Every structure is written in C-alpha cells, then in structure tokens.
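S.K.: Before I ask anything, let me first share the structure, which is written out below as structure tokens.
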Amino acid sequence: MKRLSILLLGAIMAAGFTANAQNCGKGMGMGMGAPKMNPDSLQSCNIPNLTPDQQKKIYDLRVAHIKAVTPLRNQLAEKYAHLKTLESAEKPDLNAINKTIDEIVSIKGQLMKSRAAHRADVSALLTDEQKVFFNAHQGMGNRMHQKGMGAGMHQGMGKNKPMGSCQQMN
298 MKRLSILLLG AIMAAGFTAN AQNCGKGMGM GMGAPKMNPD SLQSCNIPNL
348 TPDQQKKIYD LRVAHIKAVT PLRNQLAEKY AHLKTLESAE KPDLNAINKT
398 IDEIVSIKGQ LMKSRAAHRA DVSALLTDEQ KVFFNAHQGM GNRMHQKGMG
448 AGMHQGMGKN KPMGSCQQMN
C-alpha cells in the first residue's frame, strides 16, 4: 500500500510538472482568433446598426489611422530601447536619459492626439444611438480576439495593442 501511494504521488507530481511546462505563454499569442482588417470585422465593436456605408468609411479611417501611427509606434519602441541602453550603462548619462524621456513623452502625446482625432472622425459618421454606445465602450473590445500582452497560446513579448475602431488605438 505504501509503495502504491508513493507511485501515485510521483505520477501526480510528474503530471503537474508536465502541465506547468506547457502553460500559456505571456505575450504575442492569439486568443480565440485574431480580428481581420476588413469592413465585416467592424461588427466586433458591436456598434449597433452600422450600415455598409458606415462600415466602409470606418474601415478607411482605420487604415489611414494605422498608417499614420505606425511610424510613431516604431519611433516610440526605438526610444524605449535607447532609454534602456542609456540606463544600463556603467555610468548613466542623466542628461541623455532625461532627453530621451522627453522624446518619449512627446511621441506619446502625438499618439494620443492622433487617437482622439480618429475617434472624433469615427464618431462623426455615427447616429446619436451609435455614438452613445461608441462612447460608452471607449477603449474596450473583444479582448479574446486580439494580440497583446497577457496569457496567450504562443511565447513572446508584446504590447497590448487593441485592434478595432471602437477600441483604443495608439
């Protein structure tokens, strides 16, 4: 009986270690499925009663917005990498660190202004009923269907970047 208990305990521990080794990774993993960038996917925002014309216009605004902010996002990532390099130097240059921080803040400000302009452009296309819903769900979306930081199915690191016109877009 004692031998059976030890074997059973060993099997449970081995199963636990195996299960832990297969856990979900943090980072760039997909949830149940990633959103596609096409007008039909705008229903993921759940804005009620979007007409096909509204969907097309929102899609076009979204594409233009993403094109505009992609270089800013890339610059921001470069500045963060540069900041990390400066901070990890043997003798950190505080002036250079502060300058890089100021540049990061400036880029973040540009991204916030671009996001606000994009939301205003999308809102201008909506009816009053749709605007109420759009404004109430600002920065929200179907979090199961996006890439981002958090438990995912694949290993890797990434920042949480919601995709969808009703979601917060940097």
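Okay, so the sequence shown: first residue is 298 according to my numbering, each after it adds one. A virtual CB, placed ideally from N, CA and C, is assigned to each residue, including glycine. Since this is a predicted model, take the numbers as computed values, not measurements.
1) For L306, does the count of other Cβ atoms within 10 angstroms reach 16, so buried, or fall short, so exposed?
2) Nearest by alpha-carbon distance to L373: which of M310, K405, A311, M298 is it?
3) Could you tell me the distance, in whole angstroms, from the CA atom of G330 to the CA atom of D425?
4) Can you list, in chain order, the residues of its chain with a C-beta nearer than 7 Å to that of S420? Leave out the 5 residues immediately preceding and following it.
5) Alpha helix (DSSP H) containing M409: first to last residue?
6) Spatial neighbours of E400 within its chain, please: C-beta separation below 6 Å, excluding the five flanking residues on both sides.
7) Reducing DSSP to helix, strand and coil, say where K387 ends up.
8) Which residues in the same chain have their Cβ closer than 7 Å to the Cβ of Q407, if we skip the five residues on either side of it in sequence?
9) Report the option in A386, K354, Q435 whose CA atom is closest to the CA atom of D418.
10) What is the rounded straight-line gap between the Cα of K396 and the Cα of L383?
11) Given a cut-off of 8 Å, decide if S411 and A365 are closer than it, judged by their beta-carbon atoms.
12) Would you kindly work out how many angstroms separate the C-alpha atoms of K388 and A378, rounded to a whole number?
13) Just to check my reading of the structure: L358 and H434 have Cβ atoms closer than 8 Å, yes? What is that Cβ distance to the nearest angstrom?
14) On the three-state DSSP scale, how would you describe H434?
15) Looking at I394 and L380, is the spacing between their C-beta atoms short of 8 Å?
M.R.: According to the structure data:
1) That one is exposed.
2) When each option's Cα is compared against that of L373, the closest is K405.
3) Low local confidence applies: a pLDDT of 43 at G330 is under 50, so the model's placement there is unreliable, with the coordinate-based value given in what follows. Across the structure, G330 and D425 are spaced so that their CA atoms are roughly 31 Å apart.
4) Closer than 7 Å at Cβ, skipping near neighbours: K428, F431.
5) Per DSSP, M409 belongs to the alpha helix (DSSP H) from 391 to 421.
6) The beta carbon of E400 is closer than 6 Å to those of K376 in its chain, skipping five residues each way along the sequence.
7) It is worth fixing the name first, because residue 387 is Glu in this sequence and not Lys. If DSSP states are grouped into helix, strand and coil, E387 belongs with coil.
8) For Q407, where only same-chain residues beyond five positions count, the Cβ hits under 7 Å are L369.
9) The candidate whose alpha carbon is nearest that of D418 is K354.
10) Take the alpha-carbon of K396 and the one of L383: they are about 11 Å apart.
11) In this structure, S411 lies closer than 8 Å to A365 by Cβ.
12) So the two alpha carbons sit approximately 17 Å from each other.
13) Not really, about 17 Å apart at Cβ, beyond 8 Å.
14) Taken through DSSP and simplified to helix, strand or coil, H434 comes out as coil.
15) Contact: yes.
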